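Going down the list, the sequences are from chains A and B.
Take the first sequence: its position 80, counting from 1, is numbered 80 in the numbering used here, and each next residue is one higher.
Take the second sequence: its position 389, counting from 1, is numbered 1389 in the numbering used here, and each next residue is one higher.
The beta-carbon is built from N, C-alpha and C at its ideal position, and this holds for glycine as well.
Quick caveat: nothing in here was measured; it's all calculated off a predicted structure.
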Amino acid sequence: MSALKIKKGANKHSAYNLRPTFSDQQETHTLAVLVDNEAGVLARVIGLFAGRGYNIDSLTVAEVDHEGKLSRITIVTTGTPQIIEQIKAQLGRIVPVHEVHDLTVEGPAVERELALFKVEGSGEKRVEAMRLADIFRANVVDSTLSSFVFEITGAPEKIDAFAELMRPLGLNEVARTGVAALSRGNA
Amino acid sequence: MRPQDRGLFYVRIQRVETEFENMSRQMTGAKMIVECLKDQGVDTIFGYPGGAVLPIYDEVFQQNAIQHILVRHEQAAVHAAEGYARSTGKPGVVLVTSGPGATNAVTGLTDALLDSIPIVVLTGQVPTFMIGNDAFQEADTVGITRPCTKHNWLVKETAALSETIHEAFHVATTGRPGPVLIDIPKDVQFASAAYTPIKKARVSHYQPPVKGDMASIEELVAAIETAKRPVFYTGGGVINSGPAASQLLRELVEATDFPITSTLMGLGAYPGSGKNWLGMLGMHGLYEANLAMHGCDLMINIGARFDDRITGVVDAFSPGSKKAHIDIDPSSINKVIHADIPIVGDVAHVLEDVLKVWKSRGRKTDKSGLQEWWAKIDDWRSVDCLKFEQVSQVIRPQHALSRLEYLTKDHDRYITTEVGQHQMWAAQYLNFDDPNRWMTSGGLGTMGYGFPASVGVQVAHRDSLVINVAGEASWLMNMQEMGTAVQFKLPVKQFILNNERLGMVRQWQELLHGERYSHSWSEALPDFVKLAEAFGAKGIRVDHADDLDEAIKEMIAYDGPVIMDCLVEKHENCLPMIPSGAPHNEMLLSESSTKDAIGSKGAVFV
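Below you can see the structure in the form of structure tokens.
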């Protein structure tokens, strides 16, 4: 019997690459997950994404109901429609998960992110940075003679745009919170 | 005593009584664990003691309501609990120590997770004030077991212990069942707190719905009424749903006269002797079952999950069919194969509604379409894909299992298996007429599962005939359990099909890797008869076809554990087989040559 000619690198087509012929269009969705605020719950959510090979574009978490001890995790993720459905179903299986909402499909939603920018420079660049910050409604939360720390909130795209503008003006450090999101209108 | 003082006296007595009542419900964490287990109706635990669970073992010593089976390895404790759970429908309970005790249980937990077996594992942990200090026998047990349990808990206060244990039993057995783990530090076991009985425990928010959506059920009924080439494809979910589900399935199959096939995990839900039975499907499934799946126009998946051993290459899986999928776990639906009619719910509840609606609409099926379909199926059946000939005195494994079936089918029989060729042959050649009679490691494919599982089954069914169909390589992986079988007088029969090879690995090497048999045999196998005797059990060896029946009878008749070393043909291939990368209608049958059967594309599938 002949030995099979297995091409080099053939193994990257994993045995378990059973992805069906569903749409392969990549979509970005914002998921809101309400969970019991107990030890390890974030590890369960992150472990699910890591273990099953899903993407996390951004993730925020904080307790939102102190009495009920519930936390809200907001996850922005990218995948095919079938993968997004799987992510939601898999999240729903986690025992301390109470609710999973796909804010991208459940009607309009507001998304906000907070970012801090450290911009260093002097002279005209410093003035220009201040002027742009004003246009973007960014606040100055710290200042020295040669630097500013701006605080800006908004949709992630607005923060991206602000970062682009600040880069030539001496942008040195950025800290972003990731997206927090709520559906619009009555719950 | 003055009249006004009398009232005071009365009040004081009452206060003492309430205090006493509170006192009586106060107990140590260790005692609380045993109380919880009793409350939950547990009669058996499988375990192994160690430093971090000594207070619990002290409580186990001082009671008789719960029997403790001392295994020889923690992995075996979990597999035994799986055997117990799968054969009784009750959750299996395991008690092991911290560190190595917990890490040894990981394989069993993963096995139970993939096969959806309800297991509650209690692990000891170093005292809370030492956690994180790399203490002796410390491991991050909840961290390690998070991905291989349905849920797990680290209990840091004795006051929370009893409620956590009740919650754990609820989670393990509700929805899609699975293993759970509770990690209990030693100081939590020593400290005292009030005990919370089940009826006072808070209600868990975890309540998966069991009723299916009625609109979808009606859609399924409409599809049943018009289908010309329907097939039921059932899985372990039917068995997990309980005996009512199997009963309803049988009723539905009888009433509609549709053909039915099942996955490895679902064998026994519909009787193997039933007239609509096509046999198991999948990679080593029967020809008629796989062709029916490929050619059907309506596939009704009940409690199965389109595993890759079933679908083969998904692009070519049952191309012309409408697919209905009943599952209690929403994540199973549309995971691999798109479901046209998805129904989330418990199998028994959904089948009950399907039957009700179908009957109320006049019990319609397409009779003439069905007749043609059955004619086609009978054609496929006539291929007789499991046919073999026992020609020489060298025992063929198929023959060994056929004789085992013939000689044990009238017994009150439970079968467990290890993993490999023998497992597939057992699924092909043994018949299961009832659910909960067949225990095998399907999802994880854990070599070493069968022997401890047989121990667990025998503990639950002391007077039944429990046989582990094994290969010698798998069996050796947990052979230390001979000690358990002998100590607890468990007459488990170890039916070893000994080909001195890792048969399935060898088969794949023959088909896929140019017959280069890399490390797929053992050159130093033990003498199994002497091994049995060393443990105080009985050993039987048979290597002649003529002696086989006598040997099997001797094995059945012996009142105690037996190792049966059945020497079989060394190079037998397990067929039929859907080569990797091929669709269901391209099967290898036993007569066909296996030469060059698997294309290079298939080689990348395992």
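Query                                                                                                                                                                 : Result
Note down, in chain order, all residues in the region 74-107 of chain A with a beta-carbon under 7 Å from any beta-carbon belonging to chain B.                       : Q82, E85, Q86, A89, Q90, G92, R93, V95 and H98
Can we say the region 1333-1349 of chain B touches the region 1234-1252 of chain B, given the rule of at least three CB pairs closer than 8 Å?                        : yes
Less than 6 Å between C-beta atoms, sequence neighbours within five positions excluded: which residues of the same chain meet that for R44(A)?                        : I94
Return the bridge partner residues of R1541(B) from the DSSP annotation.                                                                                              : D1565(B)
Does any residue of chain A bring its CB to less than 8 Å from the CB of M1001(B)?                                                                                    : No answer about M1001(B) holds up, because its pLDDT of 49 lies below 50 and its placement is not dependable.
CA-CA distance, V1486(B) and E1572(B)?                                                                                                                                : 33 Å
Grouping DSSP H, G and I as helix and E and B as strand, with all else coil, what is I1056(B)?                                                                        : helix
Classify S1216(B) as helix, strand or coil using the three-state DSSP reduction.                                                                                      : helix
Between H1166(B), F1190(B) and K1186(B), which has its C-alpha nearest T1180(B)'s C-alpha?                                                                            : According to the sequence displayed, residue 1180(B) carries Val and not Thr. The shortest Cα separation from V1180(B) among H1166(B), F1190(B) and K1186(B) belongs to H1166(B).
Which same chain residues end up closer than 6 Å to E1276(B) when comparing Cβ atoms and leaving out the 5 residues on each side of it in sequence?                   : Just to set this straight, residue 1276(B) is Asn in the shown sequence, not Glu. Excluding positions up to five away in sequence, the list reads V1253, P1259 and I1260.
Consult DSSP for R1305(B) and reduce its assignment to one of helix, strand or coil.                                                                                  : coil
For chain A, find out if any of its Cβ atoms is closer than 8 Å to the Cβ of H1151(B); answer yes or no.                                                              : yes
Does the distance from the CB of M1447(B) to the CB of E1418(B) come in under 8 Å?                                                                                    : yes
Tell me which residue opens and which closes the beta strand (DSSP E) that I1343(B) is part of.                                                                       : I1341 to V1344
For P1271(B), I'd like the list of residues in its chain whose CB is within less than 6 Å of its CB, leaving aside the five on either flank, ordered along the chain. : D1433
Which of the residues in the region 38-66 of chain A, read from start to end, lie with their CB under 8 Å from any CB of chain B?                                     : A39, G40, A43, R44, G47 and G51
I want to see whether chain E comes within less than 8 Å of L1154(B), judged by CB atoms only; does it?                                                               : Reference to chain E is not applicable here, since the protein chains of this structure are A and B.
With a threshold of 8 Å between beta-carbons, can V1188(B) be considered close to chain A, or not?                                                                    : no
Looking at E1500(B): is its Cβ nearer than 8 Å to the Cβ of L1525(B)?                                                                                                 : yes
Cβ of T1088(B) within 8 Å of Cβ of A1453(B)?                                                                                                                          : no
Please determine, among A1081(B), R1403(B) and T1256(B), the residue with the shortest C-alpha to C-alpha distance to D1111(B).                                       : A1081(B)
Per DSSP, what kind of secondary structure is T1097(B) in: helix, strand or coil?                                                                                     : coil
Do the CB positions of Q82(A) and N1334(B) come within less than 8 Å of each other?                                                                                   : yes
Give the interface partners of P1147(B) over in chain A, defined as CB-CB distance under 7 Å, in chain order.                                                         : G47 and G51
Write down the C-beta distance between V942(B) and I1119(B) rounded to the nearest angstrom, noting that I regard them as a contact closer than 8 Å.                  : Absent from the model: residue 942(B). The displayed extent of chain B is 1001 to 1606, so no value can be given.
Counting beta carbon pairs with one atom in the region 152-162 of chain A and one in the region 110-117 of chain A, are three or more of them shorter than 8 Å?       : yes
Report yes or no: is there a C-beta of chain A within less than 8 Å of the C-beta of P1330(B)?                                                                        : yes
From A50(A) to S1246(B), what does the alpha carbon distance come to, in whole angstroms?                                                                             : 37 Å
Identify every residue that forms a DSSP beta bridge with N172(A).                                                                                                    : Paired residue(s): none; N172(A) is not in a bridge.
May I ask you to report which of helix, strand or coil DSSP gives F1432(B)?                                                                                           : coil
Could you tell me if I135(A) is buried or exposed, where buried requires 16 or more neighbouring beta carbons within 10 angstroms of its beta carbon?                 : exposed
What does the Cβ neighbour count give for G1083(B), buried or exposed, with the cut at 16 atoms within 10 Å?                                                          : buried
Helix, strand or coil: how does DSSP classify N1585(B) here?                                                                                                          : coil
Which bits of chain A does H1205(B) rub up against, with CB to CB less than 7 Å?                                                                                      : H98
For L4(A) and chain B, any beta-carbon pair shorter than 8 Å?                                                                                                         : In this predicted model, L4(A) has a pLDDT of only 41, less than 50, meaning its place in the structure is not dependable; the value taken from the coordinates is given anyway. Yes, L4(A) counts as interfacial toward chain B.
To which residues of the same chain is V105(A) closer than 8 Å at the C-beta, ignoring the five residues directly before and after it?                                : H29
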